[in-house]
Amino acid sequence: MFVGGTVGTAARVSLTDLLGVRAGLGSPGATLIINLVGCLVLGVLLEALARRGPDVGRRRLLRLGLGTGFCGGFTTYSTLALDVALDLRGSLPWQGIGYAALSLVLGLLVTAAGVLIGSRLPRRRGGAR
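Read in order, the letters of the sequence shown correspond to residues 366 to 494 in the numbering used here.
Laid out in structure tokens, this is it:
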């Protein structure tokens, strides 16, 4: 989990700089994209692992390292909450409410899409490991 979390956090910081600063999306736009990508990856990963058998051995290590570690470090609920709180406290309360609602609804939809993609991946032949 530590290595996955470290890599996920580094990827998020780099992508936040690329999207938020260089592409001009700002913190909310970059955070939304990062969180949605994380939702998709987590949905695909967990569904694909679940379809391959019990959560033991390599599957457990993959789930913890990539799911909890990488995706946990890559996504950022705290930045979402901060961006919403700043909008609510400032002169843009409706923007904050809309951003929170959009993040939740799109997050659920993208996660569901990830689960669907994961369910369509071929199962590994030769039994579970």
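The beta-carbon is built from N, C-alpha and C at its ideal position, and this holds for glycine as well. From a predicted model like this one, the values you see are computed outputs, not experimental measurements.
Where the alpha helix (DSSP H) containing residue i begins and where it ends
i: Thr444; result: 442-454
i: Val402; result: 391-416
i: Gly374; result: The sequence shown places Thr at residue 374, not Gly. 367-381 is the span of the alpha helix (DSSP H), which, as asked, contains Thr374.
i: Ala465; result: 458-485
i: Arg424; result: 422-427
Rounded separation between residue i and residue j - CA only
i: Gly389; j: Cys436; result: 24 angstroms
i: Val368; j: Asp452; result: 34 angstroms
i: Trp459; j: Leu486; result: 40 angstroms
i: Ala493; j: Leu481; result: At Ala493, the pLDDT of 48 sits below 50, so the modelled position is not reliable and the matter cannot be decided from this model.
i: Thr374; j: Gly455; result: 28 angstroms
i: Leu397; j: Thr441; result: 9 angstroms
i: Val421; j: Leu457; result: 47 angstroms
i: Arg488; j: Gly370; result: 27 angstroms
i: Arg387; j: Arg428; result: 33 angstroms
Contact under 8 angstroms by Cβ, residue i with residue j
i: Leu449; j: Ala465; result: A quick correction: the sequence has Val, not Leu, at residue 449. In contact: Val449 and Ala465 (Cβ atoms closer than 8 angstroms).
i: Gly418; j: Arg425; result: no
i: Gly483; j: Leu410; result: yes
i: Ser392; j: Gly403; result: no
i: Ser443; j: Asn400; result: no
i: Gly432; j: Leu407; result: yes
i: Ala395; j: Leu380; result: yes
i: Met366; j: Gly463; result: no
Cβ distance (whole Å) where residue i is taken to contact residue j below 8 angstroms
i: Phe439; j: Ala376; result: 6 angstroms
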